[in-house]
Structures are given as C-alpha cells and as structure tokens.
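Report on the structure given below.
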Amino acid sequence: MTTDTSAPKIGWDCVALDCADAAGVAQFYAGLLGGTVVADPGGDWFDVRWDGPRIATQVAPGQESPDWPRGQQQAHLDFVVADIAAAHERVLALGGTALDPVDPPQPAPERGFRVYADPAGHPFCLCRPTKDAWG
Numbered sequence: 001m002t003t004d005t006s007a008p009k010i011g012w013d014c015v016a017l018d019c020a021d022a023a024g025v026a027q028f029y030a031g032l033l034g035g036t037v038v039a040d041p042g043g044d045w046f047d048v049r050w051d052g053p054r055i056a057t058q059v060a061p062g063q064e065s066p067d068w069p070r071g072q073q074q075a076h077l078d079f080v081v082a083d084i085a086a087a088h089e090r091v092l093a094l095g096g097t098a099l100d101p102v103d104p105p106q107p108a109p110e111r112g113f114r115v116y117a118d119p120a121g122h123p124f125c126l127c128r129p130t131k132d133a134w135g
C-alpha cells in the first residue's frame, strides 16, 4: 500500500446524528454514556462529551427515523458494556427503546449484542466486551 504524501491529512471529528429533537437526543446519549452536553450558540448543534469519540446531534426538522430492521439501515453506533442488564434498564429509563430482542436480558445469551433505538429512532447496539461476558 502506498501513501500519497501530497494528499491533505484528514482526522476524526465526530459522528453527527440528524434529529428533530437534537437537544433531547444529545441528553439521551450523555445520560447513557456518563457525559455532558455542550450546545452550540445557535441552538441547532449539540456535542456529547464523554470518554469516547465525540457524538453530535443536529436539528433536522422532519427527520424520519430508520425503519429498522425493515428499512435500510443508514448507520448505527456500537457501545461495549460489561453489565447488559444494568445498561438495558438505563437505556429504557432515558427514553430509549429495545428493538432486538425486546425482552429484558437473560444470562448467557447466544448473541453478543442487543439492538436499541435512541429517542429519535436511531439504532445502536450494546455489545459484549468478551465472549464470556453477560454470563
């Protein structure tokens, strides 16, 4: 693999989610991840600051949620969690929705991830950190 040294260097900035209620979705992720929300002075952009990569939400009037799993998935976030039962309850308490499976977590699941939606309907997954986690 060759590197084009004349190409401008591009770095990571954030994942931006379009939402009708950008402030509410930013608060959801801040609550889920133990972070804080920093609002843009214009009121249409919100940064979620936490220990991981920056997540932002922006106002998009009329935004329609992906119809997961029937519609095309646009993108989703994956988060690693050691205690799925506690994380599941936290998602629901913050206004998120369990998509697959919808039942509360059981010990020793076959699958290493669970699918949820934030309050605006964006799908995200809570994933096991290791194969033997959630046992």
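Counted from 1, the sequence shown has number 52 at position 52 by the UniProt record's numbering; the numbering is strictly sequential.
Think of the CB as a built atom: it goes at the ideal place given N, C-alpha and C, for glycine as much as any other residue.
CA nearest to the CA of residue i, picked from the options
i: A108; options: L32, E64, D83; result: D83
i: T97; options: P123, V38, D132, A85; result: P123
i: A60; options: V37, C19, H88; result: C19
i: G35; options: G43, G42, P41, D47; result: D47
i: A93; options: G31, A22, K131, L17; result: G31
i: C127; options: G95, A39, P101; result: P101
Where residue i sits in the DSSP three-state scheme
i: A20; result: coil
i: V81; result: coil
i: A75; result: coil
i: G31; result: helix
i: A26; result: helix
Range of the contiguous beta strand (DSSP E) that encloses residue i
i: V91; result: Taken as a continuous stretch (DSSP letters only), V91 belongs to no beta strand (DSSP E), being part of the alpha helix (DSSP H) at 84 to 93.
i: C125; result: 123 to 127
i: W12; result: Premise fails: W12 is in no beta strand (DSSP E) and is neither H nor E.
i: A39; result: 36 to 39
One or two residues paired with residue i in a DSSP bridge
i: D100; result: V115
i: T57; result: L17, F46
Integer Cβ distance of residue i from residue j, believed to fall under 8 angstroms
i: V81; j: I55; result: The Cβ separation is near 16 angstroms, so there is no contact.
is_contact[residue i, chain B] using C-beta, thresh 9 angstroms
i: A16; result: Of the protein chains in this structure there is only one, and it is not chain B.
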